[in-house]
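This report refers to the structure that appears directly beneath it.
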Amino acid sequence: LVFALTPQVLIWCNTVAVEPSAACMAAFAVLSALYYLRAGTGAALYFFFFVTAFAVQFRPESAMICAVAGTLILCLKPSELKQGRLWLAVAVFVALMIPHLTHLFSVKDFDWGGSGPKFSWSYFWGGNFKVNSLFYFMNMRFPLFFTVLFFLGLAMKSPATGTWQWREKAGILVWFLLFWGIFCFFPLTLISIPFVAQPG
């Protein structure tokens with residue numbers, strides 16, 4: 094619902110840009126990971142890896158969604174790391190990723206349209222950090238209400254358990270920090286492609 098009601102997303106969904114699809118599939122991969130952790134079946138496990146293998150192929154940074162899924166497994170159900178079926182599914186996932194990895198290797202020397210380095214601290218200090226951060230508070234292309242809900246969700250304890258539930262919140266935190274953070278070091282600021290960094 095947050096994704097569908099974000100103005101920047103609605104603007105870009107009227108184009109042929111890949112970013113809306115990349116963000117949507119990243120969310121689908123996270124949801125499939127949560128479904129697998131709840132259902133615990135082999136079918137749910139392979140569904141999760143098939144969805145994730147598809148989701149990582151939209152943009153180069155899309156592969157970071159694997160770190161989010163890994164965080165969820167590590168924090169919510171670490172016992173799964175001892176299951177042989179998980180590592181068999183990982184092997185299938187790697188096999189599915191071979192064409193994508195080959196493609197990334199073949200275009201590794203492209204300049205991505207920039208004249209300088211692909212990533213640099215100079216972009217971070219040169220304005221990207223400020224622009225990318227203020228995007229979530231200016232209430233123009235991303236509603237401030239959603240930002241407030243994000244911080245409230247982090248700050249509040251669970252009404253049911255009375256605990257902070259940091260393990261449950263770790264996935265969303267990693268998701269935000271990775272996809273917001275990468276554009277702080279990239280020549281393009283988040284002002285032009287912000288919704289890739291929007292968790293959930």
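Residue numbers (the working numbering): 94 to 293.
Cβ coordinates follow ideal geometry from the N, Cα and C atoms, glycine included.
As a quick exercise: from the options, pick the residue whose alpha carbon is nearest that of residue i.
i    : options                   : result
W257 : L266, G264 and L247       : L247
E261 : L103, I275, F217 and K170 : K170
Y229 : G219, F244, C106 and Y216 : F244
N221 : I104, Q101 and F276       : F276
F141 : Q101, V183, C117 and I191 : V183
P280 : G264, V200 and W214       : W214
W273 : N225, W218 and M233       : N225
W268 : A160, P192, G219 and G133 : A160
V144 : A137, A122 and F235       : A122
M118 : Y129, Q150 and F212       : Q150
L295 : S251, F278, L270 and M233 : Since the first and last residues shown for the chain are 94 and 293, residue 295 lies out of range.
K211 : Y129, D202 and Y128       : D202
W180 : A148, G135 and K223       : G135
Could you give the DSSP three-state label for residue i: helix, strand or coil?
i    : result
R131 : helix
M249 : coil
S213 : coil
W273 : helix
T240 : helix
R260 : helix
C106 : coil
L98  : coil
What separation, rounded to the nearest whole angstrom, lies between the Cα atoms of residue i and residue j?
i    : j    : result
E173 : D204 : 40 Å
C106 : S125 : 23 Å
H196 : M249 : 43 Å
L237 : A146 : 33 Å
I166 : Q101 : 31 Å
L227 : F217 : 14 Å
Is the Cβ of residue i closer than 7 Å to any Cβ of chain D?
i    : result
M190 : No chain D is present in this structure, which holds just one protein chain.
As an exercise, report each continuous alpha helix (DSSP H) stretch of at least 4 residues that is fully enclosed by the region 157–225, in chain order. 158–169 and 177–199
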